[in-house]
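2 protein chains.
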Amino acid sequence: MNPRLETLFARRSVRRYTDQPVAEEQVRDLLEAAMAAPSACARDPWEFIVLRDGEQRAKVASFLPNGPMLAQAPLGFVVCGDLERAHAGELSYLLQDCSAAIENLLLAAHSLGLGAVWLGVHPRQDRIDNLRGLFRLPASVLPVACVAVGHPAERPAPRTRYAAARVHTDRW
Amino acid sequence: MNPRLETLFARRSVRRYTDQPVAEEQVRDLLEAAMAAPSACARDPWEFIVLRDGEQRAKVASFLPNGPMLAQAPLGFVVCGDLERAHAGELSYLLQDCSAAIENLLLAAHSLGLGAVWLGVHPRQDRIDNLRGLFRLPASVLPVACVAVGHPAERPAPRTRYAAARVHTDRW
Chain P
10 MNPRLETLFA RRSVRRYTDQ PVAEEQVRDL LEAAMAAPSA CARDPWEFIV
60 LRDGEQRAKV ASFLPNGPML AQAPLGFVVC GDLERAHAGE LSYLLQDCSA
110 AIENLLLAAH SLGLGAVWLG VHPRQDRIDN LRGLFRLPAS VLPVACVAVG
160 HPAERPAPRT RYAAARVHTD RW
Chain C
10 MNPRLETLFA RRSVRRYTDQ PVAEEQVRDL LEAAMAAPSA CARDPWEFIV
60 LRDGEQRAKV ASFLPNGPML AQAPLGFVVC GDLERAHAGE LSYLLQDCSA
110 AIENLLLAAH SLGLGAVWLG VHPRQDRIDN LRGLFRLPAS VLPVACVAVG
160 HPAERPAPRT RYAAARVHTD RW
């Protein structure tokens, strides 16, 4: 693993956090990083719900089978996309754009000394419906995933999951 | 923009390249970085076709309306996902996982002093069909996007597209 790419290898899913709160400047940093991702035709269809309130976080966590850490984390995000703003109104571009933004957010968290984990929402209809109901989202706004963020209480080792079988050169 | 997040802000779409080839070690670095992305239930459904041969790159470029730079670039990728390996066989997870891997690949290119650009494929059926035909892809393998990579002949300035209107706190 090339040390110049250390951030990419050292970003790991972090699911346990200390009690230390996340500073407001860091929330802004994470959002700036997320919104530096590329998007199809630069339509930037993303929307971010920052979860600070403990009750709201607990409610969102209750919708996610793998999401209990969101109730313990000091900070969370619901990352949504607006189909009306996605390139050509296409769900595929919405998902691609929001996913690039989420990956940037996770990498930024790691670079700031925080830990984070991507919690799947789309395409699970119950999770989508619960989040739509809780936040009364506009009809065109689709939740894609949640992210839990905090100061890490575990430090998984850097890694790649490089698999030579997944690499083809010039032909399949 | 927090200087600790410089890589995320300085990664920009680079569409013009010098004639200098990309070293084989760097191709491996890019693939290791891409395959360090998170994926739903760690299913890693991605597949990477490395485009080295000029004729293959020119053919792929001809399928992409915004892709002529892929014929000039010394290196390209077709990033695909295998529906049979995606979590729950879901296209949504395939798109999310491959997009996180592509964003890692673009960030790695920047960190290595290279320039790269994401060229959309899915959900455009003509592009999907043309790539499937050229590479005779298995039925379950879906091309998501292409990436052109080279030594940059342009250096766009770092930026975020942070928009306060896209940020909501605890409620919509």
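Note that the protein sequences, when read in sequence, are chains P and C.
Positions in the first sequence are counted from 1; adding 9 to them yields the working numbering.
Positions in the second sequence are counted from 1; adding 9 to them yields the working numbering.
Backbone N, C-alpha and C define an ideal beta-carbon position, used for all residues, glycine too.
Outcome for residue i when other beta-carbon atoms lying within 10 angstroms are tallied against a minimum of 16
i: C:T178; result: exposed
i: C:D28; result: exposed
i: P:C50; result: exposed
i: C:P54; result: buried
i: P:P30; result: exposed
i: P:Q134; result: exposed
i: C:E64; result: exposed
i: C:E93; result: exposed
i: C:R180; result: exposed
i: C:G129; result: buried
i: C:A97; result: exposed
i: P:R164; result: exposed
i: C:G85; result: buried
i: C:G122; result: exposed
i: C:P83; result: buried
Residue-level contact to chain A via CB, residue i, 7 Å cutoff
i: P:R24; result: Although the question refers to chain A, the structure presented lacks it and instead comprises the protein chains P and C.
Spatial distance of residue i from residue j (CA atoms)
i: C:H160; j: P:A166; result: 31 Å
i: C:R21; j: P:P47; result: 8 Å
i: C:A173; j: C:R61; result: 42 Å
i: P:G3; j: P:R66; result: In the structure as shown, chain P begins at 10 and stops at 181. Residue 3 of chain P is therefore absent and cannot be evaluated.
i: P:A154; j: P:R37; result: 19 Å
i: P:V87; j: P:F144; result: 10 Å
i: C:F72; j: P:Y26; result: 47 Å
i: C:V158; j: C:F57; result: 14 Å
i: C:A95; j: P:L115; result: 21 Å
i: P:D182; j: C:A148; result: Given that chain P is displayed from residue 10 to residue 181, the structure contains no residue 182 of chain P and the question cannot be resolved.
i: P:H119; j: C:Y171; result: 19 Å
i: P:L151; j: C:L103; result: 17 Å
i: C:K68; j: P:E15; result: 35 Å
i: C:C89; j: C:A45; result: 16 Å
i: P:R24; j: P:E99; result: 32 Å
i: C:Q35; j: C:R52; result: 25 Å
i: C:N75; j: P:D106; result: 17 Å
i: P:Q81; j: P:N11; result: 34 Å
i: P:A19; j: P:A70; result: 26 Å
i: P:L39; j: C:V59; result: 32 Å
Sheet register partners of residue i (DSSP bridge)
i: P:A125; result: P:S22 and P:V158
i: P:I111; result: According to DSSP, which records beta bridges pairwise, P:I111 is partnered with nothing at all.
i: P:T178; result: C:V59
i: C:C50; result: Its beta-bridge partners do not exist; DSSP assigns none.
i: C:G85; result: C:L60 and C:A157
i: P:V36; result: Bridge partners of P:V36: none, in fact.
i: C:V150; result: C:D91
Test item: CB-CB of residue i and residue j under 7 Å
i: P:A43; j: P:N113; result: yes
i: P:A131; j: C:S108; result: Contrary to the premise, residue 131 of chain P reads as His rather than Ala in this sequence. No, they are not a contact pair.
i: P:E33; j: C:T169; result: no
i: P:W127; j: P:I137; result: no
i: P:A117; j: C:L79; result: no
i: C:A125; j: C:V156; result: yes
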